[in-house]
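Read through the structure below, which is laid out as structure tokens, and then see the notes.
Numbering (this note's numbering), first residue to last: -1 to 816.
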């Protein structure tokens, strides 16, 4: 809320003087100028700190605990003349200013002011009744009290401080006669005695409740009821009071002839909304008795049968029976609805002339049975210094004052976060006598967590309005809808505006607070659209072990997941997490997926994403291995096999690593690391689908055990790719060559006595050494040197010449392949 503005009052207190309240001062009439369309200045949302406080509620007790201002008993006056003066009391400063009156003037008659129906115009003509004597009051029900002319009538709550320093609260009634001026009884603004207590003091403050519905805000006005919406037009607060003083006055003498008062409201000019009545003064009794009068009030004095509670607005009408002194008297009968009761004090008695309503007198005193009297307005109270005309000028002020009132949505007050609230409007009222030039006014639209609209709230949009305001002109400023931020938590909020008006002398009423703010309910917004896919959209080479993940969507409670190889993908499940586990995927496959974020407000479908898995990994396959087939597939150990034809192929989708090719001999057709390693070769990588066929020379180890073998290859990639192997479909037989017995003839060599796959002199000399020493294990080769003998080649346990000649035979004959 902007600082509480007392600019006009303070200025008036400094400047006021008898000369300043000249008789006959003219105030421009209130008008309604229609609708103004804006231009957008900004729709950038700015989140404020939200550190403003609730606007404190009226600090009076609950309505039902406040008694009516006691209705004085009628006392006949001596008609000694008019009061000496009027007084204006400023309850904020405690200062009272006196305005002497001309004792011999001001006795004329007339009508003044205006009947202004408020910005909403005329609603009903229900008070246009046929003339008759005041009879039975009728209840004005809701929501009819919000219609004109009923809404110009007010319930007043007054706070006085008695002579003992105690707060005393009472209720009265009143009538709006200008945007910020209430006409009421003198004893409602200045209390002499009440309920046996000496007060003799001006009111400390008066709360004005126009067209109060009697039901809203019935609780104690302390938090948490600070946000109560008081219908029908909220409230305003009066801190300036006017009544008659001096001889023959109400304040000094308790003279009922002049029991008339004004309550001046500087903070909120609610009369611009409710409308106002004009006023009349003087006139002869004959004229008065020749017309019908009307009276609306809030009776609050218990009269039996559950009436009156102060919550109900009652209306009656009829003719005046007599005119004692400066009062208008009704001859009443005993009864709750046929007499004048406490709480009616200050209510206006008005007559109708065409479309105009003129308040002529205010309810003053009654004996609750046969007499009800209303104090009549007189010339000096209307036109004299300090009277109605000059008081209105005082409240209005001469400096520009733009008030922001009644911000309301055209549509529903329940708004989902993230949606547009539709069009709204508020009343921009020039409540001053200033006639500014055409200029631009700026309105900032706020969303608040309390009833205090301020720059600490969330700024929704800023609009400019170019207009030429007349003095006391009210306009409807349209506010195009903007979006409530999607992240607004659900709850009760208030919407309103702050208005910047160039040259405004009172910025304390430029925002729509309390009743003037629109209370709204913000419901949960839809979840944020799913985003941040993992795997990333259009990404490739993703592992087949990939799972789905995405960013948490604000406000989402669950997610529907759609996934598959078709677009659109099929539904696969629902989860509360922002991830979804997948089975192993296929290689080199494109998948489509999307996520639907859900909460109680609805669901939001994310975009369809896609990704492709990695190509099939390199897969080196040992396709074949064919060993040569000599006669009978026989090889002597140490022999070289050629050609060993072997083929390797890359069956994967990517280039293979380099690899090692092992040649192994196995006693079965399974090639593994437990088999005899013959030789190895290193090969370069293979492209996807490529193969390599090589004719290799592979030597059998000279020391391998004779026997039958499968020759095969085993591929060992240099990366982590799997190993592959293959074996020949045929077997070979490996024999021992008897002449290959040593790789060296030097007894000091490690090859001495070790076959080396070659037949040379080393074998001969090695045998000769063993023959000479008689090494049976080596040199005993045969029992006969005759190849035709059955003992040829059969050891006989004796080393002799036959063994030497046998070795010489096999040495000369050699072994194939060696």
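Virtual Cβ for every residue (Gly too), placed ideally from N, Cα, C.
Computed from a predicted model, the values in this text were never measured in an experiment.
- Residue state for residue 742 is assigned as strand, using DSSP reduced to three classes.
- Judged by DSSP in its simplified three-state form, residue 507 adopts helix.
- Shown here, residue 513 sits in a helix according to DSSP, grouped into three states.
- Residue 134 and residue 209 do not touch by the CB rule: their CB atoms are close to 22 Å apart, not below 8 Å.
- Here the alpha carbons of residue 561 and residue 551 stand approximately 19 Å from one another.
- Residue environment analysis places residue 535 among the exposed positions, since fewer than 16 neighbouring C-beta atoms fall within 10 angstroms of its C-beta.
- Distance check between residue 180 and each of 360, 352 and 194 places 360 closest, using alpha-carbon atoms only.
- For residue 476, the enclosing beta strand (DSSP E) covers residues 471 to 477.
- For the options 294, 97 and 252, the alpha carbon positioned closest to that of residue 240 is the one of 97.
- Under the DSSP definition of a beta bridge, residue 152 partners with 172 and 208.
- In the three-state reduction of the DSSP assignment, residue 756 falls in the coil class, being assigned neither a helical nor a strand state.
- Under the DSSP assignment, residue 379 falls in the alpha helix (DSSP H) whose first and last residues are 377 to 381.
- Collapsing the DSSP output to three states places residue 233 in coil.
- DSSP, read as helix, strand or coil, puts residue 386 in helix.
- The C-beta separation of residue 461 from residue 37 comes to about 7 Å, placing the pair in contact by the 8 Å criterion.
- For residue 380, the CB contacts under 8 Å within the same chain, skipping 5 residues up- and downstream, are 108, 110, 277, 279, 386 and 387 in chain order.
- In this chain, the beta strand (DSSP E) harbouring residue 84 covers 83 to 88.
- Under the three-state reduction of DSSP output, residue 143 falls in the helix class.
- Exclusion of the five residues before and after residue 44 leaves 457 as the residues of its chain whose Cβ lies within less than 6 Å of its Cβ.
- When Cβ pairs closer than 8 Å are counted between the two stretches, the segment 709 to 716 is seen not to touch the segment 741 to 750, the count staying below three.
- Note on geometry: alpha-carbon atoms of residue 581 and residue 614 lie some 17 Å from one another.
- In the DSSP assignment, residue 644 falls within the unbroken beta strand (DSSP E) covering 638 to 648.
- For residue 338 against residue 69, the beta-carbon gap comes to about 7 Å, under 8 Å, which counts as contact.
- Beta-bridge analysis with DSSP links residue 593 to 559.
- Rounded to the nearest angstrom, the Cβ distance from residue 417 to residue 495 is 20 Å, too far for a contact under 8 Å.
- Within the segment 279 to 353, the complete alpha helix (DSSP H) runs of at least 4 residues fall at 283 to 287.
- Shortest Cα-Cα distance from residue 323 to any of 247, 540 and 255 involves 255.
- For the options 211, 34, 814 and 467, the alpha carbon positioned closest to that of residue 227 is the one of 211.
- In terms of Cα proximity to residue 169, the closest of 199, 206, 378 and 175 is 206.
- Pairing residue 540 with residue 606 gives a Cβ-Cβ distance that is not under 8 Å.
- Residue 734 is positioned such that its CB atom lies no closer than 8 Å to that of residue 816.
- Taking a 10 Å sphere around the C-beta of residue 247, we find 16 or more other C-beta atoms and assign the residue as buried.
- Counting only residues of its own chain and dropping the five nearest sequence neighbours on each side, residue 90 has a CB closer than 6 Å to the CB of 237.
- Around the beta carbon of residue 112, a 10 Å sphere encloses 16 or more other beta carbons of the protein chains shown; the residue is thus reported as buried.
- Of the candidates 595, 565, 753 and 78, 753 places its Cα closest to the Cα of residue 635.
- Taking C-beta separations shorter than 6 Å and ignoring five residues to either side along the sequence, the partners of residue 483 in its chain run 43, following chain order.
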